[in-house]
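Protein chains in written order, with my numbering: chain D, 132 to 285; chain U, 2 to 252. We put the beta carbon where it would ideally sit given N, CA and C, even for glycine. Treat the numbers as computed from the prediction; the structure is a model and nothing was measured.
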């Protein structure tokens, strides 16, 4: 439990930190941080909080899809509520999900001539990136549907 | 300035600021269209690419082109233009005021000064190193903080002083790798710790804005600008990878 809490705080801080690097407005910082935290928790929840070994590809993909979806939906809501561009929220909150470790292993194993290991990690990088993108796509779709219903009912 | 000219200049300036500071193509086109529509030019033509804007108003024969060469990252400016455009749409400000305010936004300095960005780079590096690897030793944390701050500092200074594309990422990665390796050798840490330091310290360099916009632009049907951004992001990642590859092969 403590670990989950700690990791959530880490994700929040990382998101806010990246927000400062991109110079997003102050009033967007905390909201972005919360969205980053939510995305991280969803990702962790889907690969299992207590899992020690490497998650399977399908598990990783599903976790990233759901995290991307949640970040997309929350960013959309935040953007509408605060009348601010959506990219202020979804770019920083994506950062904790970036497959930095895997990308590094790709380079390291390529240099060390372990091409098969490098390709395995490259597969993970591509899966993660693609699944997050798909999650965003679904979020966008939901937003469009919601907007359509909004127009119809009003 | 004549009125048509002013409307056109205002729209172009708004578009230019947005494009330079990391807004999506759809947002740039939308903002420019709103500005001209609001002033009675409902069927203006706006054509935006990643590297330039073309705009013409219906009843004049004049067309203006505005190339955009530099792309920096200052999302606050995107938000400011967005806010001004909203105020303009609700008639809180008129065109001349809008234009003046845009010129101020263009030259405004970022709210967060360099030292604060360095601290932010340390925060991003350390937190993500911990989250990704779970290696909570004080020496590793300190080394990650040092490597993250130095790497981001190199990246920032080369970007701002020399403006050479991709050299900043490459040199920053080189410096990060060097600090990690030297620290591991000097403090007698494990190889795993060296990997963790590098992974964490590289995180502030992630090209988040080009990556996200490549996706959003492509999905919005901008098949020239979206892939162009993807190329930008991939080259950034390759520059980082090259720097790290050189350091790893020197071990």
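Cutoff 7 Å; reference residue i; Cβ partners in own chain excluding five residues on either side
i: residue 156 (chain U); result: 169, 170, 173 and 206
i: residue 155 (chain D); result: 163, 219 and 223
i: residue 226 (chain U); result: 26, 50, 51 and 218
i: residue 273 (chain D); result: 204
i: residue 9 (chain U); result: 56, 58 and 65
Own chain, CB closer than 6 Å to residue i, minus 5 neighbours either side, in chain order
i: residue 153 (chain U); result: 122 and 205
i: residue 231 (chain U); result: 215
i: residue 192 (chain D); result: 258 and 262
i: residue 78 (chain U); result: 18, 22 and 106
i: residue 150 (chain U); result: 119, 122 and 123
i: residue 150 (chain D); result: 160, 163 and 223
i: residue 196 (chain D); result: 262, 265 and 266
i: residue 94 (chain U); result: 88
Pairwise C-alpha distance: residue j and residue i
i: residue 125 (chain D); j: residue 64 (chain U); result: The requested residue 125 (chain D) does not occur in the structure, where chain D is confined to residues 132 to 285.
i: residue 189 (chain D); j: residue 59 (chain U); result: 53 Å
i: residue 164 (chain U); j: residue 3 (chain U); result: 36 Å
i: residue 196 (chain U); j: residue 181 (chain U); result: 8 Å
i: residue 31 (chain U); j: residue 51 (chain U); result: 15 Å
i: residue 198 (chain D); j: residue 97 (chain U); result: 44 Å
i: residue 134 (chain U); j: residue 238 (chain U); result: 21 Å
i: residue 87 (chain U); j: residue 242 (chain U); result: 42 Å
i: residue 146 (chain U); j: residue 134 (chain D); result: 21 Å
i: residue 211 (chain D); j: residue 188 (chain U); result: 50 Å
Same chain only: Cβ atoms within 8 Å of residue i, ignoring 5 sequence neighbours per side
i: residue 191 (chain U); result: 185
i: residue 236 (chain D); result: 248, 249 and 252
i: residue 136 (chain U); result: 130, 193, 194 and 197
i: residue 127 (chain U); result: 142, 145, 146, 149 and 201
Under 8 Å between C-beta atoms of residue i and residue j
i: residue 215 (chain D); j: residue 44 (chain U); result: no
i: residue 56 (chain U); j: residue 13 (chain U); result: yes
i: residue 76 (chain U); j: residue 153 (chain D); result: yes
i: residue 36 (chain U); j: residue 11 (chain U); result: yes
i: residue 210 (chain U); j: residue 242 (chain D); result: no
i: residue 172 (chain D); j: residue 139 (chain D); result: yes
i: residue 247 (chain U); j: residue 199 (chain U); result: no
i: residue 200 (chain D); j: residue 270 (chain D); result: yes
i: residue 100 (chain U); j: residue 20 (chain U); result: no
Contact test: residue i Cβ vs the ligand MG heavy atom, cutoff 7 Å
i: residue 253 (chain D); result: As for the ligand MG, it is missing from this structure, which has no ligand bound.
### Message
Against chain D, which members of the segment 201-217 of chain U pass a CB distance test of less than 9 Å?
### Response
201, 203, 204, 205, 207, 209, 210, 212, 213, 214, 216 and 217
### Query
What residues in the segment 232-245 of chain U bring their beta carbon closer than 9 Å to a beta carbon of chain D?
238, 241, 242, 243 and 245
### Query
Just by C-beta distance, which residues in the segment 184-202 of chain U are closer than 9 Å to chain D?
196, 197, 199, 200 and 201
### Query
Given a limit of 9 Å on CB to CB distance, which residues of the segment 79-110 of chain U reach chain D?
79, 80, 81, 83, 84 and 87
### Query
Can you list the beta strand (DSSP E) stretches of 3 or more residues lying completely in the segment 30-110 of chain U, in chain order?
46-50, 53-57 and 64-68
### Message
Give the list of continuous alpha helix (DSSP H) stretches no shorter than 4 residues that lie fully inside the segment 145-210 of chain D.
### Response
157-178
### Query
Relative to chain U, which residues along the segment 186-213 of chain D have a C-beta separation below 7 Å, given in chain order?
none
### Task
Determine which residues of the segment 214-226 of chain D have a Cβ less than 7 Å from any Cβ of chain U, and write them out in chain order.
214, 215, 216, 218, 219, 221, 222, 225 and 226
#### Entry: Residue ranges of each beta strand (DSSP E) within the segment 157-220 of chain U, 3 or longer
none
### Query
Which residues, in chain order, does the segment 128-144 of chain U contribute to contact with chain D at a C-beta distance below 8 Å?
128, 129, 131, 132, 133 and 134
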